[in-house]
Structures are given as structure tokens and as C-alpha cells.
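Residue numbers for the sequence shown follow full-length UniProt numbering, so the first one is 1 and each next one is one higher.
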Amino acid sequence: MKKNAFIRKTVVLFLTIISVLGLQLISVNAKSPTYQQVPTMAYLKVESGQAYLSYANSAPQLFYEPMKGETVRLTQKICTGAWTDGKIFYYASGNKRVPTKVSLYKYTIKTGKTEKLCTINKNCDLVGYSKNNFYLHTMGSGKQYLYAYNLKTKKITSKRIAYPVYKKNDVIGTGSLSDGRYIFVGDTYSGYSEFSGKYNCYPHSIYILDPVSQKFRLVSKMVTTETTREKNLIYYASFSGTTSKPYSQIWKYNIKTGKKSAVGKKYSGIVYSFYKDSAYIIDQKGESKTVRYK
């Protein structure tokens with residue numbers, strides 16, 4: 001039981017930071033009425049400085065680094081998502097490293113004022129934005145909910161999202177897609193500790209959730225890895241066969257159209273990771289190889 005709990009916590013932490021980017025500068029258009037997600041391990045240029053999510057206490061934290069003056073750390077336990085228009089930050093801060101509740105805050109750069117907007121008594125990621133609404137989605141095991149905080153009405157609403165799961169101990173993790181217009185949802189299966197130990201990955205299903213309509217699409221089951229670095233596209237690998245004799249196929253999925261197509265041939269073994277244009281495969285003997293998939 002302790003081992004399963006450790007695996008679940010590891011998966012939750014892994015899925016919380018679904019994409020770690022290289023160090024770079026990204027500009028925010030101050031005139032734009034929309035918001036942009038603050039990246040992990042990358043600088044986002046904002047008013048009078050830059051912002052980023054960086055690890056402290058083994059968890060992502062939100063930092064604002066002004067051009068003059070000391071760096072401001074806006075979260076203490078864990079930041080589960082942050083967005084900005086270049087002048088204001090909206091961010092979710094958990095009560096502990098694996099939160100049991102999350103609060104949504106507003107921080108104004110010019111005044112240095114922090115305002116608590118609401119508190120949700122669940123572990124949530126701040127992963128979406130559309131039409132004056134910020135969206136938070138629960139993660140971990142159990143019933144899943146989508147929350148919407150409206151910037152104009154300053155009210156929060158919720159809706160339960162009933163994803164098809166294989167077992168009650170499956171773990172849900174989320175991420176942002178298409179600048180927050182869609183939400184990525186990963187349902188990591190329980191009961192695959194032997195598989196994950198052998199192939200360095202956890203089998204899962206992936207969904208696309210439209211937070212505006214509150215409807216989701218099942219992209220694929222039995223996924224071993226995916227990458228969402230390209231806007232409106234997901235590359236993922238799914239496996240068939242058995243643990244002792246697996247086969248993998250790489251797919252390209254268009255988020256907007258819902259169309260998918262096979263990329264390359266079927267491989268013997270498990271695709272456990274993508275990096276840039278390469279896929280990393282491990283076979284049943286534990287031998288690894290790298291192939292280019294685009």
C-alpha cells in the first residue's frame with residue numbers, strides 16, 4: 001500500500017509539471033486582452049522585469065524578478081499554475097507540497113498588492129483561460145472537477161467531469177494546450193508497477209477537455225508518452241501486445257480538428273520518451289535505441 005501511495009504521489013508531481021522548457025525569453029504583448037501561462041524554467045518578459053516558475057522545496061514556485069530591486073517569491077508551498085497579461089499575475093498556490101486545497105490569487109506588479117480571490121478544497125491545477133474565465137482542474141485520484149473563475153463577476157463555478165477510468169486508484173494529471181483554450185488530461189492507470197519499472201513510463205489514457213463547453217474527447221488509451229510542444233498538435237505513442245512482447249506506434253493528433261494519423265512504422269518495444277524530433281525506445285530485453293519521428 002505504501003508503495004502504491006508513493007507511485008501515485010510521484011505520478012501526480014510528474015504530471016503537475018507536464019512540460020519543462022529550455023531557458024529562454026518570451027515576450028508578452030501588453031496591449032493584448034488575453035493572458036499567457038508563466039513557463040517552468042523559462043523567463044517570461046513582463047512589466048518592469050520577468051517571471052518564471054522554478055523549483056524550491058522540490059516543488060515549482062512562482063517568482064517575479066524586477067529589473068531593479070529584489071526578486072519576489074509569490075508562492076511558498078507549491079504553485080500549481082500561473083498566468084499573466086504582463087501587468088497582473090493570476091496564480092494558484094497550494095497549502096502544501098501535495099495540496100489538499102488550493103487558493104487563487106491576484107498580484108498587481110505596479111502596486112505589489114496581493115489579493116486572494118477564492119479557495120478550493122481540492123488539489124487543482126490552474127491550466128486554462130478563455131473569455132474572461134480562468135479554469136482550474138482537480139488532479140489525483142477520485143472524482144474530478146472543473147472550476148471556472150470569472151474575472152468580471154468574480155464568481156467561481158464548478159462541474160464534475162466523469163472521465164472513464166479503469167480503476168478507482170487511477171491518477172489524473174492536467175496541462176494547458178493552445179494557450180489555455182484547451183486542457184490536456186492524462187489518466188494514469190494503477191496496477192502497472194511492473195510495466196513502469198521495466199519500461200520507464202506509466203501507461204495512461206489522454207483526453208482533450210474544452211473548458212468552455214465542458215466536453216472532453218478521448219484521444220487514445222494505452223499511451224506511454226506524449227509531447228505537446230507544438231501548438232494545436234500532440235505527438236504520442238501507444239502500445240499494443242503484452243508486457244513481455246510490446247509494440248509501439250507513434251501518432252500525430254490535431255487538437256482543433258480531432259484528426260489523428262500514424263507517424264512512421266510500428267516499433268518493437270516501448271516508446272518511453274520524446275525529445276525534439278527523436279523518440280526513445282526500450283525493448284523487452286532492456287536495450288534502448290533512438291529513432292527520428294519527424
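Where a beta carbon is used, it is the ideal one built from N, C-alpha and C, also for glycine.
Report the three-state DSSP secondary structure of residue i (helix, strand or coil).
{"i": "Tyr-182", "result": "strand"}
{"i": "Gly-197", "result": "helix"}
{"i": "Ala-92", "result": "strand"}
{"i": "Glu-70", "result": "coil"}
{"i": "Tyr-35", "result": "coil"}
{"i": "Ser-273", "result": "strand"}
{"i": "Ala-30", "result": "Here the model assigns Ala-30 a pLDDT of 42, short of 50, so the residue's position is not dependable, and the following value carries that caveat. Coil."}
{"i": "Glu-65", "result": "strand"}
{"i": "Val-127", "result": "strand"}
{"i": "Gly-286", "result": "coil"}
In the DSSP output, which residue or residues are listed as bridge partners for residue i?
{"i": "Gly-140", "result": "Ile-172"}
{"i": "Asn-150", "result": "Asn-133"}
{"i": "Arg-292", "result": "Ser-278"}
Counting C-beta neighbours from all protein chains within 10 Å, is the total for residue i 16 or more, i.e. buried, or is it exposed?
{"i": "Asp-125", "result": "buried"}
{"i": "Asp-277", "result": "exposed"}
{"i": "Thr-290", "result": "exposed"}
{"i": "Leu-218", "result": "exposed"}
{"i": "Lys-122", "result": "buried"}
{"i": "Ile-281", "result": "buried"}
{"i": "Thr-80", "result": "buried"}
{"i": "Arg-181", "result": "buried"}
{"i": "Glu-47", "result": "buried"}
{"i": "Tyr-55", "result": "exposed"}
Looking at the secondary structure, which residues open and close the beta strand (DSSP E) in which residue i lies?
{"i": "Met-222", "result": "215-227"}
{"i": "Tyr-105", "result": "102-108"}
{"i": "Ala-279", "result": "278-282"}
{"i": "Thr-157", "result": "156-161"}
{"i": "Val-46", "result": "43-46"}
{"i": "Ser-261", "result": "260-268"}
{"i": "Ser-238", "result": "233-241"}
{"i": "Gly-81", "result": "78-84"}
{"i": "Ser-244", "result": "From DSSP, Ser-244 is part of no beta strand (DSSP E); its letter is neither H nor E."}
{"i": "Ile-255", "result": "From DSSP, Ile-255 is part of no beta strand (DSSP E); its letter is neither H nor E."}
{"i": "Thr-114", "result": "113-120"}
{"i": "Val-205", "result": "The amino acid at residue 205 is misidentified as Val; the sequence shows Ser. Run containing Ser-205: 204-210, per the beta strand (DSSP E) assignment."}
{"i": "Gly-191", "result": "Counting along the chain, Gly-191 falls outside any beta strand (DSSP E), and DSSP gives it neither H nor E."}
How many angstroms separate the CA atom of residue i from the CA atom of residue j?
{"i": "Thr-111", "j": "Tyr-64", "result": "13 Å"}
{"i": "Ser-248", "j": "Lys-155", "result": "45 Å"}
{"i": "Asp-179", "j": "Lys-45", "result": "16 Å"}
{"i": "Tyr-135", "j": "Pro-211", "result": "7 Å"}
{"i": "Asn-169", "j": "Asp-187", "result": "10 Å"}
{"i": "Trp-273", "j": "Thr-153", "result": "The residue asked about is misnamed: residue 273 is Ser in this sequence, not Trp. One C-alpha to the other measures close to 43 Å."}
{"i": "Lys-221", "j": "Thr-108", "result": "42 Å"}
{"i": "Val-165", "j": "Pro-60", "result": "28 Å"}
{"i": "Ser-141", "j": "Ile-172", "result": "6 Å"}
{"i": "Gly-264", "j": "Ala-237", "result": "11 Å"}
{"i": "Ile-161", "j": "Asn-133", "result": "18 Å"}
{"i": "Asp-283", "j": "Ala-262", "result": "20 Å"}
{"i": "Tyr-293", "j": "Leu-233", "result": "14 Å"}
{"i": "Val-223", "j": "Ile-208", "result": "14 Å"}
Closer than 7 Å to a non-hydrogen atom of the ligand HEM - does that hold for the CB of residue i?
{"i": "Tyr-135", "result": "With respect to small molecules bound, the structure shown includes none, and the ligand HEM cannot be examined in it."}
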